Amino acid sequence: MTTDNDGWTHVRETVRMLFLAIAQIEIALRESDDSVEHLTDAFTSMVDSEMKIAASIDGLALSIDDKRDVSAIKRDAIQITEEMQSVIVAFQFYDKLTQRLAHVSSGMEALSGLLNDDTRVNEVDAWSLLQNEIKSKYSMREEHELFDVVMAGADVREAIRRYNDLHKDEPKNDIELF
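Here the working numbering = 1-based position in the sequence shown + 1.
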């Protein structure tokens with residue numbers, strides 16, 4: 002390891018930059034939780050409103066004029082239900098985003114630990130163990146695919162191109178449990 006003055010090394014500077022990136026990701030995740038809490042409250046309120054509308058419709062003694070009003074109410078209830086489904090999809094994308102960022106953060110933290118360990122940084126087994134540890138934390142198929150492509154030697158642009166090619170025909174609004 003080449004050092005200049007005051008113990009400066011490129012590895013130490015790399016670790017500091019990784020720590021900065023990790024801290025930024027962690028703060029962004031924490032701050033975004035407030036927005037998700039707001040969305041959760043709005044979603045819950047929409048569900049409650051739809052249930053009240055449905056209960057009100059069921060309790061009406063209907064004249065002919067009332068039946069027209071009921072049709073309008075039912076259309077509104079259907080619209081609320083459709084919006085609730087849209088919110089569920091938005092939650093899924095947020096969940097995927099936070100999972101990915103959490104995985105990036107933990108992976109960068111593990112990488113920082115290895116880079117900062119002079120006894121292990123040049124050991125092939127240590128790097129293999131790190132890669133296995135990072136991949137084992139992935140919960141989505143897409144993360145595993147991207148990891149494999151990059152570890153096989155693809156650069157960032159190539160990995161993104163392959164990812165986009167693999168997933169271009171997938172519906173963007175499907176709800177997937179992972």
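Don't be surprised by glycine CBs; every beta carbon is placed ideally from N, CA and C.
Here the structure is a predicted model, which is why all the values come from computation and not from measurement.
Per DSSP, reduced to three states, the secondary structure at SER140 is coil, with no helix or strand assignment. Scanning ALA111, VAL88, HIS11 for the CA closest to the CA of VAL37 turns up VAL88. Linking ASN117 to ASP49 through their CA atoms gives a straight-line distance of about 53 Å.
Judged by DSSP secondary structure, ASN123 falls outside any alpha helix (DSSP H); it is assigned neither H nor E.
Residues of the same chain with their beta carbon placed closer than 6 Å to that of THR120 are lacking, with the five preceding and five following residues left out of the count. Judged by DSSP secondary structure, ALA24 falls within the alpha helix (DSSP H) whose first and last residues are 11-59. Close CB contacts of ILE26 within its chain, under the 7 Å cut and outside five residues either way in sequence, are with LEU102, VAL105, SER106 (chain order). Each residue's CA atom was taken as its position, placing GLU171 and GLU14 some 41 Å apart. Around the Cβ of MET109, a 10 Å sphere holds 16 or more other Cβ atoms; the residue is buried. DSSP, read as helix, strand or coil, puts ASN117 in coil. Beyond the five residues adjoining it in sequence on each side, ASP126 comes within less than 8 Å, by CB distance, of no other residue in the same chain. Under the 10 Å beta carbon count, SER57 is surrounded by fewer than 16 other beta carbons and is classified as exposed.
Judged by beta-carbon spacing, LEU40 lies beyond the 8 Å limit of PHE94, meaning their Cβ atoms are not closer than that value.
Restricting attention to ASN123, GLU159, ASP96, the CA atom closest to the CA of SER33 is found in ASP96. Look at ALA153 here: in three-state DSSP terms it is coil, with no helix or strand label. DSSP, reduced to helix, strand and coil, places ASP96 within a helical segment of the structure shown.
Remark: C-beta atoms of SER113 and VAL16 approach each other more closely than 8 Å. In the three-state DSSP reduction, GLY8 falls in the coil class, being neither helix nor strand. Short of 7 Å from the beta carbon of LEU30, and not among the five residues preceding or following it, lie these beta carbons of its own chain, in chain order: THR99, LEU102, ALA103.
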